[in-house]
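Trainee: So that you can map any letter, position 130 of the sequence shown is 123 in this note's numbering, and since no number is skipped, the others follow by simple counting. Think of the CB as a built atom: it goes at the ideal place given N, C-alpha and C, for glycine as much as any other residue. Bear in mind that the values here come from a model prediction, so they are computed numbers and not experimental data. One structure follows; several queries about it will come next.
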Amino acid sequence: MAEDLYIKNKKAYFEYHVLDEYVAGLKLLGTEIKSIRDGKANLNDAFCTFIDNQLYIRNLHIAEYSHGSFYNHEAKRDRVLLLNKKELKKLKTRTEEKGFTIIPLAIFISERGFAKLKIALAQGKKTYDKRETLKERDTKVEMDRAMKR
């Protein structure tokens, strides 16, 4: 089993201010977990939404399992996220406020072999905030180069 499997959403920290982070379970089919263990998942376009008081992740792309038969899954179906009732209630009240959303940060396999999704309550950045992030990153790289000399 791949303990070091960690599929990240690389755009998340650039596009959003992350406020709170949660770890949620995923309700998956058999071929989906096998495909995730192969590292064939993509979080780039994924987002979380509430449907009938349950939290779902939408547009999470999990590639079809290569050895699957007619039992194979759809690549981009809605999947249920498993959280405590307190956490669900807290997230629902915060997302009803203007400007807050729930974004996926990463998928990983827990010690017990379950697929877990790291999600965050976030607020979208403005373009000038994104420029500041790029400037900070560039200055950090320059400082690291100067320290190596």
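Should L76 and L48 be called a contact, given that it needs their Cβ atoms to be closer than 8 Å?
Mentor: On the sequence shown, residue 76 is found 83 positions in, with the first residue counted as 1. On the sequence shown, residue 48 is found 55 positions in, with the first residue counted as 1. Closer than 8 Å, so yes.
Trainee: My understanding is that L84 touches I95, with C-beta atoms under 8 Å, so please give their C-beta distance in whole angstroms.
Mentor: As a position in the sequence shown, residue 84 is number 91, starting the count at 1. As a position in the sequence shown, residue 95 is number 102, starting the count at 1. Right, the Cβ-Cβ distance comes to about 6 Å (below 8 Å), so this counts as a contact.
Trainee: Tell me, please, whether the segment 22 to 42 touches the segment -3 to 6 by the rule of three or more beta-carbon pairs shorter than 8 Å.
Mentor: Touching, yes.
Trainee: Among residues of its own chain, excluding the 5 on either side of R142, which ones have a beta-carbon nearer than 8 Å to its beta-carbon?
Mentor: Here residue 142 is taken as the residue at index 149 of the sequence shown, counted from 1. Once the five neighbours on either side are set aside, R142 has no close Cβ partner at all.
Trainee: Between the alpha carbons of M140 and G61, how many angstroms are there, rounded?
Mentor: Here residue 140 corresponds to residue number 147 of the sequence shown, with the count starting at 1. Here residue 61 corresponds to residue number 68 of the sequence shown, with the count starting at 1. Rounded to whole angstroms, M140 to G61 spans 51 Å at the Cα level.
Trainee: With DSSP run on the structure shown, which of helix, strand or coil describes A139?
Mentor: As a first step, residue 139 must be located in the sequence shown, where it is residue number 146. A139 falls in the helix class under three-state DSSP.
Trainee: Can you give me the Cβ contacts of Y58 inside the same chain, cut-off strictly under 7 Å, excluding the 5 residues immediately before and after it?
Mentor: On the sequence shown, position 65 is the one that residue 58 refers to. T24, K27, S28 and N65, listed in sequence order.
Trainee: What does a CB cutoff of less than 8 Å around T88 pick up in its chain, not counting 5 residues either side in sequence?
Mentor: On the sequence shown, position 95 is the one that residue 88 refers to. Closer than 8 Å at Cβ, skipping near neighbours: F43, T94, I95 and L114.
Trainee: From the DSSP output, read off the bridge partner residues of D13.
Mentor: Numbered from its first residue, the sequence shown carries residue 13 at position 20. L114.
Trainee: Taking 6 Å as the limit between beta carbons, can you name the residues of its chain near K91, skipping five residues before and five after?
Mentor: As a working note, residue 91 is residue 98 in the sequence shown. For K91, where only same-chain residues beyond five positions count, there are no Cβ hits under 6 Å.
Trainee: In the DSSP assignment, find the unbroken beta strand (DSSP E) run with K1 in it and report its ends.
Mentor: The count along the sequence shown starts at 1 and reaches residue 1 at position 8. It spans Y(-1) to K1 - the beta strand (DSSP E) in which K1 sits, taken as one unbroken run.
Trainee: Nearest to L81 by alpha carbon, out of A5, N2, F7 and D13?
Mentor: As a first step, residue 81 is located in the sequence shown; it is residue number 88 there, counting from the start. Minimum Cα distance to L81 is reached at D13.
Trainee: Please say whether A34 and I50 have beta carbons closer to each other than 8 Å?
Mentor: The sequence position of residue 50 within the sequence shown is 57, counting from 1. The sequence position of residue 34 within the sequence shown is 41, counting from 1. Against a cut-off of 8 Å, the Cβ pair of A34 and I50 comes out as no contact.
Trainee: Using C-beta distances below 7 Å, list every residue in its chain close to V16, excluding the 5 sequence neighbours before and after it, in chain order.
Mentor: Counting from 1 along the sequence shown, the entry for residue 16 is found at position 23. Result list for V16: K109 and K111, in chain order.
Trainee: Going by DSSP in three states, L48 sits in which element: helix, strand or coil?
Mentor: Here residue 48 refers to the residue found at position 55 when the sequence shown is read from its first residue. Of the three classes helix, strand and coil, the one that applies to L48 here is strand, per DSSP.
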